[in-house]
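Participant:
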Amino acid sequence: MGTFLLIGMGGFLGAIMRYALSTFVQNSTKVSGFPLGTLVVNLIGCLLIGALAQLAEARDIFTPETSSLVFLGFLGAFTTFSTFSSDSLNLMRNGQNLLSYLNIGASVVLGLGAVWLGRTFTAFFTN
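According to our numbering, the residues represented by the sequence shown are 22 to 148, in order.
Dropping the structure here:
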């Protein structure tokens, strides 16, 4: 099966699981005004990518195809935050702390800036 198809299948399942879990958590709690569902999904995604990456490293259990399905497809669609967190930790583990901090800082600051710019730019044309 082609890598693109595997990633697509995993992404389909990950996106559905993200929506279902996030909606369930948000609707099951009395928390309003805080995206608790998103936080829970992101933390579970981080836990899963950490556990599965360690398992893959320790036991060499994933073929390249399975890795594409699980990591790029399912977890990539479930939460990109888990990939960001895993990449940052891997940089630290490889002794590249400065690059890790740069990745963390740039992702947060530039990500917030990009969202602001996108909203501001679009608001200019829609108002």
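Glycine residues also receive a C-beta, built at the ideal position from the N, C-alpha and C atoms.
Starting from the C-beta of F149, find all residues in its chain whose C-beta is less than 7 Å away, skip the five residues before and the five after it, and write them out in chain order.
Facilitator: Outside the shown range of the chain, which is 22 to 148, sits residue 149, and nothing can be said about it.
Participant: Just how far apart, CA to CA, sit Y122 and A72?
Facilitator: Cα to Cα, Y122 sits roughly 22 Å from A72.
Participant: Just mark T101 as buried or exposed, buried being the case when its beta carbon has 16 or more other beta carbons within 10 Å.
Facilitator: That one is exposed.
Participant: Looking at G66: is its Cβ nearer than 8 Å to the Cβ of S103?
Facilitator: Contact: yes.
Participant: Can you give the Cα-Cα distance for L96 and S107, rounded to whole angstroms?
Facilitator: The alpha-carbon atoms of L96 and S107 are separated by roughly 11 Å.
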